[in-house]
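So the number in this note's numbering is just where the residue sits in the sequence shown, counting from 1, plus 4. Take a look at the structure set out below.
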Amino acid sequence: MRAHRAQGTIAYIFSFLFCLNGNVFPDWTQTAGPIVPSGIHVQSLVKTEYGFFLGTDMGMFRSTDDGVSWMKITKDSMGMILWDIKDIAQLGDTLVVNTFAGVHLLLNHGTAWQKTTSSPPQQWRRLCVTNGSTIFTNALTGLYRSTDFGTTWEMVIDTSVQHDTIQALAVTPSGKIIAAAQDMLLISSDNGIRWDTLSAPVPRYAIVWKLVANSGAIYVCSNRGLFMSPDEGVTWTNLTPANDSNVTALAVEDTHIIIATKKGSESVQRDTFINSIYLSTDNGASWQRKYSEQPCYNSVCFSTVLLDKPVIVAGGSYGGLIRSTDLGTTWSASNKGIVLSRPECLITLGNTIIAGTTRGLFLSSDDGDTWRTTEDTLMREAFISRFVMCGKRLFARVHQGLVCSDDSGTLWRPLPTPSLPAGCFSHRSKVYYTSGSGQIFLSDDFGATWLALNTIPGNAGPVHSMEFQGNTLFAATSAAGVFRSNDSGASWQPVNKGLPDLEYMPLTMSGRGLVAGSRGPFIFIDDGDNWQPLGTGFPEKIDINRIVTFNGTIFCTITANNWIPGNLFCLSPDDRWVNISENIAEHLIYDIAFNDRYIFIGTYGYGVYRRPLYEVTDVFPPRREAAPVVRDGACISSAPGSAAFSVKVSMSKASTLAISIYTLSGIKIATLFDGRKGPGFHTFNGKSDFLSHGMYLVVIRGEELKMMKKIRVID
């Protein structure tokens, strides 16, 4: 950071704040995304008196504002089984949630989960309806029911003998059960014990997307059209709008009917689908087209519609949600809060946060309040697992290899790579690329050409982490621990003394030396081959997923076995590991990133969370007993190339406050503020152009606040 002396700049460093009055750590804030308008697969959508409930392949969401915003309500601690929500049905105050791997109950108006004691066979289960206290659900082998809230199940239709697969289910207002098999419609008047056939309005082996029973009428939504029977299947009327025979979604409320249609085949490219939404206010006698995109990328094929007059919410099979508040006259996206399942990696470039995910790249310029998808088609659907900065160039590891961006992530281009990647790292102006076989490649020209280094000996497996200590290169392998090279990769020696586990471990270089995560944190000592545990209070025998150093502080995320959720730990000045993610303990944390205001974490299934950076260290005790209690936070920042700087102070209560600038010898040379301030956030602006280049101290004092920070003014 350089400028003329008249434009001197204060370089900022965040200081640690210390707290005596308990380790109270305020909540993290979930950012608005990354949202997934082109990735989410909506599978079910229902309304109750307790809100809208949305089932997706990424979990279950709830909206209490008619679909404006959503909050994820499935918990990762319940395992992967709750990621794929096939169908939702209401049973009094309970919701029956059907997943591919089991039936769950959502109790207390959608606030508590309970797995049913048993489930029908785990084959293609996707439907559920309720009739009184009876639950019906299908499988490849047949239709099953439970009259004891899922404790036991009995088969009521054996589709391997009588019919083909049950495609749709509905319950009439009179309590009759309607089932659509591939070869006919079936109806039961005794809660599923005996079944009779109905005259079917569609030909055999047609696809019935949905059955709806409303006000005595039965509606069949199929790839051959929309049909209605006013007499429980005796006679049928074709309600299909002209030229739109494939009706994919249906909702009925009184005399209003909403349908979604599509043209095209599921075997063709998904952006060639033509989607339309139609509204009828007279029971299907006439239709108005209310939504159409030709072609459509963000709303590829509507699989679910919900009608709650005048609100309409439509969900795409790959295209997220759209919403209308005027019965379809105008539409807007409705994906707020629907976060991506796995932000695998995060990086901050200036004011921009970039999230690499399993379904493409997302960017935010407002600390995560809003996210946008990349305009680059190469990265729109890519599986991105790591970011690396080398100079001003940003590299990303994708499944196909390595890509790079010269403009902070806006445009990307693929690089020639020698093999499929296992890792990507940088040091100074060099890029290192590792393959799944453990081979390491070096590029001195930012990835244009590659030189193969010697392979790490033995069956070490892929190299997943690399760090330099001076001119010594360290590489952590997936199966044989850490190796060291003193000759730029020409030869390798194992350095594993003291490590309890030699499987994959992350590395980071801290101010105290090289740190590795191996069933706990370890530090490399004596410039030899020995490691010793670092810090106290870390959970025993817990794997570390990621370990990073920021402004001299070491952070790490843990990954326990069997999908036990991970936490974020921070090493305090007195060498204690402190869990700073207690209120998000149910989320597996993938990656960490920092800017000058926040610490960001990417979580498994819950998107990106943030926390003001200066608050993170509030959990630490003081270094010296004589230090005063600090209950508030402060930070100093400056804009590059500017003589202006600002001091931001967070105060929990009204207090006197003094902010002064001192020389290193203790001579006061300026007072920025001396007075009284109330509780809240306060910003004090200053100029550094009157200061000579060199080091200074900024001292912040309050009734219960004292902080001292070094700053540097550079010519």
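Virtual Cβ for every residue (Gly too), placed ideally from N, Cα, C.
Take residue i and list the residues in its own chain whose beta-carbon comes closer than 6 Å to its own, dropping the five residues that flank it on each side.
i	result
S123	G106, V107
I77	M64, R66
Q497	R488
I358	I351, L367, G413
T33	R614
M84	Here the model assigns M84 a pLDDT of 46, short of 50, so the residue's position is not dependable and the matter cannot be decided.
I720	Given a span of 5 to 719 for the chain in the structure shown, any question on residue 720 remains unanswerable.
W291	P245, Y282, S284
K501	D533, N534
If you compare alpha carbons, which of the options is closest to residue i?
i	options	result
N571	F554, P543, R580, F450	P543
I588	W581, N599, G606	G606
G485	D491, F472, M509	M509
N463	N475, A480, F472	A480
M711	G360, R680, K652	K652
H113	K119, V101, D97, P577	D97
P234	R228, T265, L190, N287	N287
V620	Y608, F604, A221	F604
K313	D330, I326, L325, G324	D330
G474	N500, S307, M513	M513
E379	S389, I281, L365	L365
G320	L254, V392, T334	L254
S447	V238, H431, G196	H431
S441	L415, H468, W416, K434	H468
V216	R198, A183, N227	A183
A4	I211, I263, L676, D491	Because residue 4 is not part of the residues shown, which for the chain are 5 to 719, the question remains open.
Just to confirm my understanding: we take residue i, look at its own chain, exclude 5 residues before and 5 after, and list those with CB closer than 8 Å. What are they?
i	result
T156	T121, S122, S150
P422	Y437, S439, Q443, F445, W454, A456
E158	Y148, R149, S150
D168	A185, Q186, D187, Y209
L503	G485, V486, M509, A520, S522, F526, W535
Q94	V50, T52, V100, T134
G136	G179, N195
T667	I673, Y700, L701
T176	I182, A217, G220, I222, E236
I197	V160
Taking the C-alpha atoms as reference points, what is the distance between residue i and residue j?
i	j	result
S303	E257	The pLDDT assigned to S303 is 45, lower than 50, so where the model puts this residue is not dependable; a value taken from the coordinates is nonetheless given after this. Cα-Cα distance, rounded: 24 Å.
G395	T453	17 Å
I170	I89	18 Å
G541	N549	18 Å
V633	L575	Residue placement at V633 is poorly supported in this model, since its pLDDT is 29, which falls under 50; the coordinates are not used for a value here.
K51	S73	14 Å
I665	S659	20 Å
S338	T362	21 Å
A662	F685	15 Å
M82	L310	Model confidence at M82 stands at a pLDDT of 49, short of 50, so the residue's coordinates are unreliable; what they give is reported in the following sentence. Their backbone Cα atoms lie some 28 Å apart in a straight line.
G451	Q404	15 Å
P207	F104	28 Å
E348	R293	41 Å
A7	I715	Note on A7: pLDDT 30, under 50, position unreliable in the model; the coordinate value appears next. Distance between the alpha carbons of A7 and I715: 16 Å.
N458	A494	5 Å
T259	G154	35 Å
V356	I222	Here residue 356 turns out to be Thr, not Val, going by the sequence shown. Whole-angstrom Cα-Cα distance: 52 Å.
F391	F306	34 Å
T2	I593	Nothing in the structure corresponds to residue 2, since the chain is present only between 5 and 719.
A400	K434	15 Å
I704	Y618	14 Å
T138	V612	40 Å
A174	C225	12 Å
I326	W335	6 Å
Quick check: is the beta carbon of residue i nearer than 8 Å to any beta carbon in chain D?
i	result
L455	The structure shown has no chain D; it contains just one protein chain.
Return the chain-ordered list of same chain residues with a C-beta closer than 7 Å to the C-beta of residue i, the five sequence neighbours on each side being excluded.
i	result
N60	The sequence as given places Thr at residue 60; Asn does not occur at that position. The answer, listed in chain order, is I44, H45, V46, Q47, I89.
N218	V256
E707	S659, T660
T141	N102, V107, P124, R129, L131, C132, Y148
F554	F598
> For the region 531-576, which segments carrying the beta strand (DSSP E) assignment without a break, of at least 3 residues, lie completely within its bounds, in sequence order?
Replying inline: 534-537, 547-554, 557-563, 572-575
> Just checking, does the region 397-411 make contact with the region 367-375 on the three C-beta pairs under 8 Å criterion?
Replying inline: At 8 Å Cβ cutoff, the stretches do not touch.
>> Quick test of the definition: if touching needs 3 or more C-beta pairs under 8 Å, does the region 243-252 touch the region 201-208?
In response: no
> Hey, which unbroken runs of the alpha helix (DSSP H) at 4 residues or more fall wholly within the region 320-391?
Replying inline: Taking only runs of at least 4 residues, the alpha helix (DSSP H) segments lying wholly in the region 320-391 are 381-384.
>> Give the list of continuous alpha helix (DSSP H) stretches no shorter than 4 residues that lie fully inside the region 448-478.
In response: The qualifying runs do not exist here; there are none.
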